[in-house]
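Structure, as structure tokens:
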Amino acid sequence: MTFSSIPILNILGKKGRSAALFVFALLLSFSIFGGALLLLSLRNGLQSLEKRLGADIVVVPYEARTKVSADTILNQGNRTYFYMSRANLEKVAQIEGVERVSPQVYMCSMNAGCCSVSLQLIGFDPETDFTIQPWVRESFKGTLGDGDILIGSKVSLTESRKLKFFDQNWNIAAQLAETGTGLDNAVFANMNTIRLLMEAADKIGWSFVKDKSTPDKLISTIMVKVSEGADIESVASKIQRKVRKTQAVKAKAMTSDIATSLSHFSKIIAVLAVVVCILCLVILIVVSTLIIGERKKEFAVLRVLGASQKKLARLVMSESIFVNLAGGICGIAIAILGIIPFHSLISQSINLPFLLPSPSLIIGLVLVSLTLSALCACLSTAYSAFKIAKIDTGMILREGN
112 MTFSSIPILN
122 ILGKKGRSAA
132 LFVFALLLSF
142 SIFGGALLLL
152 SLRNGLQSLE
162 KRLGADIVVV
172 PYEARTKVSA
182 DTILNQGNRT
192 YFYMSRANLE
202 KVAQIEGVER
212 VSPQVYMCSM
222 NAGCCSVSLQ
232 LIGFDPETDF
242 TIQPWVRESF
252 KGTLGDGDIL
262 IGSKVSLTES
272 RKLKFFDQNW
282 NIAAQLAETG
292 TGLDNAVFAN
302 MNTIRLLMEA
312 ADKIGWSFVK
322 DKSTPDKLIS
332 TIMVKVSEGA
342 DIESVASKIQ
352 RKVRKTQAVK
362 AKAMTSDIAT
372 SLSHFSKIIA
382 VLAVVVCILC
392 LVILIVVSTL
402 IIGERKKEFA
412 VLRVLGASQK
422 KLARLVMSES
432 IFVNLAGGIC
442 GIAIAILGII
452 PFHSLISQSI
462 NLPFLLPSPS
472 LIIGLVLVSL
482 TLSALCACLS
492 TAYSAFKIAK
502 IDTGMILREG
512 N
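One gets our numbering by counting positions in the sequence shown from 1 and adding 111 to each.
Below, the structure written as structure tokens:
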């Protein structure tokens, strides 16, 4: 037996003591990594939501209760539809301070045999769109043809690359990148395809509008880009006054409630993580100190056998680091298994946008968490290592401790 093998033998020989330290180390790393991963995912979700919205102002029919409808589509993926005259598009475009406008049309598929699945359907105009296409180009470089659809990341991509809506099959051109918002459960198409979808729905008796109008006459929302230097509040007020029966909502107002909820939830996570970390660290320090008191005779014998004070301190440090790293790895593994596979369920449960960081960032977070676990191990045993240097070998052996 060599001196370097003693830490492993001590850990295996004192299973109860090692298990207690292991559990606290696990909780510590779980709190550090899990809390950081949740906070980063929530922050990414809000940034993705703001990026996907893309417009400064969203104009919708007044009776649609704009804020609720827009929030539920973006954040929760709720299926809804509402319409207003397409003539409003030109009226908004002529208002001073408006740089660009683009229409969108909302539909929803049925949860019945005529459709593969019930989803939100969103039509956009590729020639004028400035909100959806930047996102689309990340996954699809081609031209979206009539009859083609784009599906969100949470919509199942079938082997046939087709989805059935209103008893007709539609070609899946691409699956879009994850956003962490309700748009991951949506389907996107150009205006001609939306018109074909409306006609298919009408044939089976599912009419979205009473007068059988098409996107040539009706739209759901107008996405507005304000000119540089123009006041968004002022432009929104002008739209309200000049375009009747509509409501103009600033993009920041649409996400403000979500941002507030996210901020509160993030603070709760951060506080809980810090409290757990502090408690675990304090307990590790106390437990390590008690263990040193119980092992005085062991250290005294090792001193008699020729072990220096530095070697004894290194022995204690090595045991602590081994146990803390093992607990840290298990704590991180539990956090990964509890968060990453179920991130969609977490998003639905907390009703907030939730987008996991990139794999490289997660790996970096793992390394940082393990480093912090090792540092906590050193910190928790630093006082114990200092006490070892003060051991009076002769007195301890005479007392029989």
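A virtual CB, placed ideally from N, CA and C, is assigned to each residue, including glycine.
Nothing here was measured: the structure is a model prediction, and the numbers come from that model.
Residue burial classification, residue i (beta-carbon count within 10 angstroms, cutoff 16)
{"i": "A130", "result": "exposed"}
{"i": "V434", "result": "buried"}
{"i": "R355", "result": "exposed"}
{"i": "N462", "result": "exposed"}
{"i": "F453", "result": "exposed"}
{"i": "C489", "result": "exposed"}
{"i": "S250", "result": "exposed"}
{"i": "D327", "result": "exposed"}
{"i": "G127", "result": "exposed"}
{"i": "T290", "result": "buried"}
{"i": "T371", "result": "exposed"}
{"i": "G438", "result": "buried"}
{"i": "T177", "result": "Unreliable positioning characterises T177 in this predicted model, as indicated by a pLDDT of 46, which lies under 50. The coordinate reading is nonetheless provided below. So T177 counts as buried."}
{"i": "A198", "result": "exposed"}
{"i": "P237", "result": "exposed"}
{"i": "G156", "result": "buried"}
{"i": "Q205", "result": "exposed"}
{"i": "D259", "result": "buried"}
Check whether residue i and residue j have beta carbons under 9 Å apart
{"i": "I380", "j": "L153", "result": "yes"}
{"i": "A136", "j": "C391", "result": "yes"}
{"i": "S318", "j": "Q215", "result": "no"}
{"i": "I315", "j": "D278", "result": "yes"}
{"i": "R211", "j": "V134", "result": "no"}
{"i": "V209", "j": "I389", "result": "no"}
{"i": "S460", "j": "I143", "result": "no"}
{"i": "I233", "j": "M218", "result": "yes"}
8 Å contact criterion, which residue i and residue j should meet: CB distance rounded
{"i": "T482", "j": "M428", "result": "No, T482 and M428 are not in contact; Cβ-Cβ is about 15 Å, not under 8 Å."}
{"i": "P470", "j": "S159", "result": "No, P470 and S159 are not in contact; Cβ-Cβ is about 17 Å, not under 8 Å."}
{"i": "L268", "j": "Q286", "result": "5 Å"}
{"i": "V346", "j": "V360", "result": "That belief does not hold up - the Cβ atoms of V346 and V360 are roughly 12 Å apart, past 8 Å."}
{"i": "L373", "j": "N296", "result": "About 20 Å separates the two Cβ atoms, so there is no contact after all."}
Host alpha helix (DSSP H) of residue i (start-end)
{"i": "N199", "result": "A198 to A204"}
{"i": "A311", "result": "M302 to K314"}
{"i": "I350", "result": "I343 to K353"}
{"i": "L456", "result": "H454 to I461"}
{"i": "V320", "result": "Neither: V320 is in no alpha helix (DSSP H) and is coded neither H nor E."}
{"i": "P245", "result": "Q244 to V247"}
Residue(s) in a DSSP beta bridge with residue i
{"i": "R211", "result": "K336"}
{"i": "V170", "result": "I333 and A359"}
{"i": "C219", "result": "Q231"}
{"i": "A297", "result": "Q231"}
{"i": "M195", "result": "I330"}
Opening and closing residue of the beta strand (DSSP E) in which residue i lies
{"i": "W281", "result": "Q279 to Q286"}
{"i": "I233", "result": "Q231 to F235"}
{"i": "I262", "result": "D259 to I262"}
{"i": "F276", "result": "K273 to F276"}
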